[in-house]
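Colleague: Under this note's numbering, the first residue of the sequence shown carries the number 9, and numbering increases by one thereafter. Take a look at this one; I'll ask things after.
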Amino acid sequence: MKKILLLLFVFAINQLFAQSFTTPLPIPPTLSGPVFNLNVGPSIKQFKPGTITNTYGVNTNYFGPTLLMNAGDFVTINVTNNLSETTTMHWHGMHIPAIDDGGPHSPISPGATWSPDFTVMNKASVYWYHPHTMGLTNIHVSLGIAGFIIVSDPEEAALTLPRTYGVDDIPLVIQTKLLDANNQIQISSQMDSISMVNGEIKPYVNAPRQMVRFRVLNGSSSRTLNVGTDDNRTLYQISSDGGLLENPVPLTRILLSGGERAEFLMDLTGESVGNTFQFKSYMSEMPGNIEGGAGSAGHPNPLFGTDWSFMEVKVVAQTVSPVTSFPGTMTTLTPFLEGDAVVTRPMELSNNAKINNVSMDMNVINEVVELDDIEIWTITNITSMAHPFHVHDVQFYILDRDDGGGAVPPSATESGLKDTVLVESGETVRIISKFEDFADAVVPYMYHCHNLIHEDNGMMGQFTVVDSTLGLTEILNQDIAMFPNPTNDFLNITIPDFYDVESVIVYDVNGKEVLNFKVKLSRIDLGDLDSGVYIIKMVTNQGEISKKILKD
9 MKKILLLLFV
19 FAINQLFAQS
29 FTTPLPIPPT
39 LSGPVFNLNV
49 GPSIKQFKPG
59 TITNTYGVNT
69 NYFGPTLLMN
79 AGDFVTINVT
89 NNLSETTTMH
99 WHGMHIPAID
109 DGGPHSPISP
119 GATWSPDFTV
129 MNKASVYWYH
139 PHTMGLTNIH
149 VSLGIAGFII
159 VSDPEEAALT
169 LPRTYGVDDI
179 PLVIQTKLLD
189 ANNQIQISSQ
199 MDSISMVNGE
209 IKPYVNAPRQ
219 MVRFRVLNGS
229 SSRTLNVGTD
239 DNRTLYQISS
249 DGGLLENPVP
259 LTRILLSGGE
269 RAEFLMDLTG
279 ESVGNTFQFK
289 SYMSEMPGNI
299 EGGAGSAGHP
309 NPLFGTDWSF
319 MEVKVVAQTV
329 SPVTSFPGTM
339 TTLTPFLEGD
349 AVVTRPMELS
359 NNAKINNVSM
369 DMNVINEVVE
379 LDDIEIWTIT
389 NITSMAHPFH
399 VHDVQFYILD
409 RDDGGGAVPP
419 SATESGLKDT
429 VLVESGETVR
439 IISKFEDFAD
449 AVVPYMYHCH
459 NLIHEDNGMM
469 GQFTVVDSTL
479 GLTEILNQDI
489 AMFPNPTNDF
499 LNITIPDFYD
509 VESVIVYDVN
519 GKEVLNFKVK
529 LSRIDLGDLD
539 SGVYIIKMVT
549 NQGEISKKIL
559 KD
């Protein structure tokens, strides 16, 4: 065993510190709506010269196109699954109905197309899409299924900011991986000693001698990143997960856990053409409870406790119309008031990949939230390592952090809208949000650790948002009921005798008819259907009646 670990260590060291920066940074292509067509499928990619690695991709051989959306747009996204296994697609950070959210209850079978549609209600920022299949999220993301979403809005558009995509507005997804001796991606390995940016190992990027905007996503399975440059130059952070910060925040390090995003500006106006510098992750400066941080001495993975470069920047000439300064004020934030919260909900990050001491169960709704309620979630980490905590549906504000020495307000970089927050060992983080616009008593949203290994192992829960102002008869279409909902197999239907039922038709979420019963039934068998959301339509002498049910 020691010999194997030594060989892995030597192999990983060679991969990590082999300096190249000879390959240009790939810039993901863009798609503009209102209709987006995404084809998910297997492919191959050459990560190293002369080698072939099996990958998955979206419209490409690895990663996917950047989806450009405008606030207020009504968009349709057609996701076609060309894999030999079921997948899903989640729109991380987007505020959309649960049925469109792309969680594990919205499976896309091989050969099928899923077509969610929704109005873009988010503020300008960078979001992303990735699979969310129960137990398979890490595999699918690690192999390459993911992509950026860039939302624009009038407020951001009015600011003098770089926004020439791929030139002075550069998207970066940073990931770490292990390629085995056959150059295949290893899943859930703690020896992930190769850094990649946009799917390329140690690339370089040309940056013009002006203000340059970097939109950074930590798309790693489990690694937290501590981003800076080798010469400690200033990064001006202007945005967090869900939108602009009030003012640019000058930093030399930006800490990003899995799923978190940040936008920052770099002032290259005083640089000489030809100058170079490197982006690094300063792991040695991270607290020891963050995996890979300063307390990881002796671990065979050379990423642990080590500062390593992942991309080189080469300064080139200015563009025709360069942005050479940036505004001092970006937006005005209006956090929810703690006194307006009607519920305080505890979330304990427990050992053995559990939240509130329970593992994810597709058949269990863990929390029920009232529509339009403002809630405080108190996230306490009792484990020995830090966890990134992600909430679907909403953007939230951080109220405070408490590591045992008393509650402190969020830093300037965490004062904006967030959907993912890193909670360190022994720490309690309180967040506040309003659950508005969308109610669905059947289809749940998720909350979970965004360490994808932990998520797949069960560190996830489900919540529904319900509208209690609706009377029971409205919820059940008057006197008609279908139960249990969710169901594993049989669905019972109760309907008054004055209804003359001609047929009962079952549709999947894509509108495809999957079952058709030409008689009035009090019980239908859904046991052969895949898990997911279905629409039950009854054609009666009183008209058509439709209900949404969840098949587990």
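We treat Cβ as the ideally placed atom computed from N, Cα and C, and that holds for glycine. All figures in this text were calculated on a predicted structure; none of them were measured in a lab.
Evaluate Gln194 with the Cβ neighbour count: other Cβ atoms within 10 Å of its Cβ, from every protein chain shown; 16 or more gives buried, anything less gives exposed.
Modeller: Residue mapping note: residue 194 aligns to position 186 of the sequence shown, counting from 1. It counts as exposed.
Colleague: Measuring alpha carbon to alpha carbon, tell me which of Met219, Asn365, Arg171, Leu460 ends up nearest Val159.
Modeller: Along the sequence shown, one-based indexing puts residue 159 at 151. Of the candidates Met219, Asn365, Arg171, Leu460, the one whose C-alpha sits nearest the C-alpha of Val159 is Arg171.
Colleague: What three-state label does DSSP hand His98 in the structure shown?
Modeller: Residue mapping note: residue 98 aligns to position 90 of the sequence shown, counting from 1. Three-state result, His98: strand.
Colleague: Whether or not the segment 252 to 259 and the segment 201 to 216 are in contact is what I'm after, with contact meaning three or more pairs of Cβ atoms, one per stretch, closer than 8 Å; do they touch?
Modeller: Judged by Cβ distances under 8 Å, the segment 201 to 216 makes no contact with the segment 252 to 259, as fewer than three pairs qualify.
Colleague: For Phe25, count neighbouring C-beta atoms within 10 Å of its own C-beta (all shown protein chains included) and say buried if the count is 16 or more, exposed if not.
Modeller: Counting from one through the sequence shown, the residue named residue 25 turns up at place 17. Confidence at Phe25 is low in this model, with a pLDDT of 49, below 50, so its placement is unreliable and the value that follows should be read with caution. In this structure Phe25 is exposed. Its beta-carbon is surrounded by fewer than 16 other beta-carbon atoms within 10 angstroms.
Colleague: Kindly indicate which residue of Tyr405, Phe525, Val66 has the alpha-carbon position closest to the one of Ile85.
Modeller: The sequence position of residue 85 within the sequence shown is 77, counting from 1. Residue Val66 is the option with its Cα nearest to Ile85.
Colleague: Is Leu484 helix, strand or coil when you go by DSSP?
Modeller: What you label residue 484 is simply residue 476 of the sequence shown in a count that begins at 1. Bear in mind that the predicted position of Leu484 carries a pLDDT of just 40, short of 50, making it unreliable; the figure below should be weighed with that in mind. DSSP places Leu484 in coil when its eight states are reduced to three.
Colleague: Can you give me the start and stop residues for the alpha helix (DSSP H) that Ser150 sits inside?
Modeller: Here residue 150 corresponds to residue number 142 of the sequence shown, with the count starting at 1. Residues 145 to 151.
Colleague: Report the residue ranges of all beta strand (DSSP E) runs contained in full by the segment 299 to 341; include only those spanning at least 3 residues, in chain order.
Modeller: Segments of the beta strand (DSSP E) lying fully in the segment 299 to 341: 315 to 324.
Colleague: Would you report the Cα separation of Val547 and Val399, rounded to the nearest angstrom?
Modeller: Numbered from 1 along the sequence shown, position 539 holds the residue referred to as residue 547. Numbered from 1 along the sequence shown, position 391 holds the residue referred to as residue 399. Cα-Cα distance, rounded: 38 Å.
Colleague: May I ask you to list the residues that DSSP assigns as paired with Arg231?
Modeller: To locate residue 231, count along the sequence shown from 1; it is residue 223. For Arg231, which the question treats as bridged, DSSP gives no partner whatsoever.
Colleague: Among all the DSSP beta bridges, which residues are the ones paired with Ala215?
Modeller: Locating residue 215 in the sequence shown gives position 207, where the first residue counts as 1. Answer by DSSP bridge pairing, in chain order: Val323.
Colleague: Exposed or buried, Leu425, counting other C-beta atoms within 10 Å across all chains shown (16 or more means buried)?
Modeller: Translated into positions along the sequence shown, residue 425 becomes position 417. Buried: at least 16 other Cβ atoms inside 10 Å.
Colleague: According to the neighbour-count rule (16 or more other Cβ atoms, all chains shown, within 10 Å of its Cβ), is Asn309 buried or exposed?
Modeller: Locating residue 309 in the sequence shown gives position 301, where the first residue counts as 1. Asn309 comes out buried.
Colleague: Determine the direct distance from the alpha carbon of His395 to that of His458, and round the result to whole angstroms.
Modeller: Here residue 458 refers to the residue found at position 450 when the sequence shown is read from its first residue. Here residue 395 refers to the residue found at position 387 when the sequence shown is read from its first residue. Cα-Cα distance, rounded: 7 Å.
Colleague: On the CB-based measure, 16 or more other CB atoms within 10 Å of its CB, does Gln54 come out buried or exposed?
Modeller: Here residue 54 refers to the residue found at position 46 of the sequence shown. With fewer than 16 Cβ atoms within 10 Å of its Cβ, Gln54 is classed as exposed.
Colleague: Return the CA-CA distance between Glu378 and Val474, expressed in angstroms with no decimal places.
Modeller: Reading the sequence shown from its first residue, position 370 is the one you call residue 378. Reading the sequence shown from its first residue, position 466 is the one you call residue 474. Between Glu378 and Val474, the C-alpha separation is close to 5 Å.
Colleague: If we call anything under 7 Å between Cβ atoms a contact, is Glu383 one with Tyr212?
Modeller: Indexing the sequence shown from 1 puts residue 383 at position 375. Indexing the sequence shown from 1 puts residue 212 at position 204. Their beta carbons are not under 7 Å apart, which means Glu383 does not touch Tyr212 by this criterion.
Colleague: Determine, using beta carbons only, whether Val512 and Tyr542 come nearer to each other than 7 Å.
Modeller: Translated into the one-based positions of the sequence shown, residue 512 becomes position 504. Translated into the one-based positions of the sequence shown, residue 542 becomes position 534. Cβ distance not < 7 Å, so Val512 and Tyr542 don't count as in contact.
Colleague: With a threshold of 16 other CB atoms inside 10 Å of the CB of Ile60, please say whether the residue is buried or exposed.
Modeller: Translated into the one-based positions of the sequence shown, residue 60 becomes position 52. The residue in question, Ile60, is exposed, as its Cβ has fewer than 16 Cβ neighbours within 10 Å.
Colleague: Could you please give the first and the last residue of the uninterrupted alpha helix (DSSP H) stretch that includes Val533?
Modeller: Position 525 of the sequence shown holds residue 533. It is worth fixing the name first, because residue 533 is Asp in this sequence and not Val. Element bounds for Asp533: not the alpha helix (DSSP H) but the beta strand (DSSP E), 531 to 533.
Colleague: Determine the direct distance from the alpha carbon of Ile532 to that of Asp497, and round the result to whole angstroms.
Modeller: For the purposes of this step, residue 497 is identified with residue 489 of the sequence shown, where counting begins at 1. For the purposes of this step, residue 532 is identified with residue 524 of the sequence shown, where counting begins at 1. The alpha-carbon atoms of Asp497 and Ile532 are separated by roughly 8 Å.
Colleague: Taking the beta carbon of Gly58 as the centre, do at least 16 other beta carbons fall within 10 Å, making it buried, or is it exposed?
Modeller: The residue given as residue 58 occupies position 50 in the sequence shown. Counting Cβ neighbours within 10 Å, Gly58 comes out exposed, since fewer than 16 surround it.
Colleague: Would you kindly report the start and end of the unbroken alpha helix (DSSP H) that includes Pro170?
Modeller: Position 162 of the sequence shown, counted from the start, is the residue given in the question as residue 170. That residue, Pro170, is in no alpha helix (DSSP H); it is neither H nor E in DSSP.
Colleague: Under the assumption that Asn364 contacts Glu432 (Cβ atoms under 8 Å), give the Cβ distance between them as a whole number of angstroms.
Modeller: The residue labelled residue 364 in the question sits at position 356 within the sequence shown. The residue labelled residue 432 in the question sits at position 424 within the sequence shown. About 19 Å; that fails the 8 Å criterion.
Colleague: Between Thr121 and Val83, how many whole angstroms is the CB-CB distance? I'm expecting something under 8 Å.
Modeller: To locate residue 121, count along the sequence shown from 1; it is residue 113. To locate residue 83, count along the sequence shown from 1; it is residue 75. Not confirmed; about 15 Å, so no contact.
Colleague: Can you look up Gly236 in the DSSP assignment and give me helix, strand or coil?
Modeller: Mapped onto the sequence shown, residue 236 falls at position 228. Gly236 falls in the strand class under three-state DSSP.
Colleague: Between the beta-carbon of Met235 and the beta-carbon of Ile262, is there less than 7 Å?
Modeller: Your numbering for residue 235 matches position 227 in the sequence shown. Your numbering for residue 262 matches position 254 in the sequence shown. This sequence places Val at residue 235; Met is not what is there. Closer than 7 Å, so yes.
Colleague: For Leu345, count neighbouring Cβ atoms within 10 angstroms of its own Cβ and tell me buried if that reaches 16, exposed if not.
Modeller: On the sequence shown, residue 345 is found 337 positions in, with the first residue counted as 1. With fewer than 16 other Cβ atoms inside 10 Å of its own Cβ, Leu345 counts as exposed.
Colleague: Measure the beta-carbon distance from Thr7 to Met355 and round it to whole angstroms, keeping in mind my assumption that it falls under 8 Å.
Modeller: Because the chain spans 9 through 560 in this model, residue 7 falls outside it and cannot be assessed.
Colleague: Rounded to whole angstroms, what is the Cα-Cα separation between Lys288 and Asn62?
Modeller: Looking up residue 288 in the sequence shown gives position 280. Looking up residue 62 in the sequence shown gives position 54. If you draw a straight line from the Cα of Lys288 to the Cα of Asn62, it is about 28 Å long.
Colleague: CB-CB under 6 Å to Phe44, same chain, minus the five flanking residues each way: which ones, in chain order?
Modeller: The count along the sequence shown starts at 1 and reaches residue 44 at position 36. Closer than 6 Å at the Cβ level, and outside the excluded window around Phe44, lie Leu75, Ile85.
Colleague: Could you give the distance in angstroms between the alpha-carbon of Val429 and the alpha-carbon of Asn297?
Modeller: To locate residue 429, count along the sequence shown from 1; it is residue 421. To locate residue 297, count along the sequence shown from 1; it is residue 289. Val429 and Asn297 have their C-alpha atoms some 15 Å from each other.
Colleague: State yes or no: is the C-beta of His140 within less than 7 Å of the C-beta of Pro115?
Modeller: Numbered from its first residue, the sequence shown carries residue 140 at position 132. Numbered from its first residue, the sequence shown carries residue 115 at position 107. Result no, Cβ atoms of His140 and Pro115 do not sit closer than 7 Å.
Colleague: Would you say Asp315 lies against chain D (beta-carbon separation less than 7 Å)?
Modeller: Protein chains in the displayed structure number just one, and chain D is not present.
Colleague: Using DSSP's beta-bridge definition, name the partner residues of Leu558.
Modeller: Indexing the sequence shown from 1 puts residue 558 at position 550. Val541.
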